[in-house]
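Everything on this sheet refers to the single structure shown next.
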Amino acid sequence: MGLVEIDWKPDSRKLRQFAVVWLIGFALAGCLVGWKAGVVNGSGKWTAPLVMWILAVIVGVFGILAPSRVRPIYVGWMAIAWPIGYVVTHVLFGIVYFGLFTPIAILLRLIGRDALQRKFDKEEESYWIKRTV
């Protein structure tokens with residue numbers, strides 16, 4: 350069992366949720382593409398935003414009214430999104446590890462701090478630390 354698993358056989362509720370998110374997401378993406386293309390001030394082309402809005406409405410309405418119709422889109426979308434999410438997650442974890450923990454470790458070594466007390470002392474009879482409860 351992995352951390353994130355793809356639901357290959359989603360129920361109607363999950364497909365409806367996907368359709369609503371698709372509708373909102375593609376509608377907003379169409380607005381953003383239209384704004385970037387210059388449609389707002391009248392100099393851009395309507396093709397890309399219009400295609401995105403049509404896709405938003407078709408998939409959104411079909412998904413809300415007949416959720417089983419959007420199952421192939423859901424499965425395809427998840428099959429594409431999972432590997433992307435896997436790679437991005439591991440890259441971000443690597444950036445956090447090497448960008449945060451490594452500089453802290455280098456700084457602690459430069460100032461001579463040994464928080465785990467790993468230095469070997471030949472004179473020491475035992476490394477046992479007695480604690481009171």
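Take 350 as the starting number for the sequence shown in my numbering and just add one per residue. Glycine residues also receive a C-beta, built at the ideal position from the N, C-alpha and C atoms.
Asked: Spatial distance of residue 380 from residue 431 (CA atoms); Found: 26 Å
Asked: Cβ-Cβ distance between residue 412 and residue 367 below 8 Å; Found: yes
Asked: For residue 450, the first and last residue of its enclosing alpha helix (DSSP H); Found: Taken as a continuous stretch (DSSP letters only), residue 450 belongs to no alpha helix (DSSP H), as it is neither H nor E.
Asked: 6 Å CB neighbourhood of residue 355 in its chain, flanking five on each side removed; Found: 427 and 431
Asked: Residue 372 vs residue 423 beta-carbon contact at 8 Å; Found: no
Asked: Cα-Cα separation, residue 402 to residue 361; Found: 23 Å
Asked: Rounded distance between the beta-carbons of residue 405 and residue 375, thought under 8 Å; Found: 3 Å
Asked: Straight-line Cα distance separating residue 453 from residue 463; Found: 12 Å
Asked: Ranges of the alpha helix (DSSP H) found wholly within the region 416-482, counting only runs of at least 4; Found: 420-445 and 451-460
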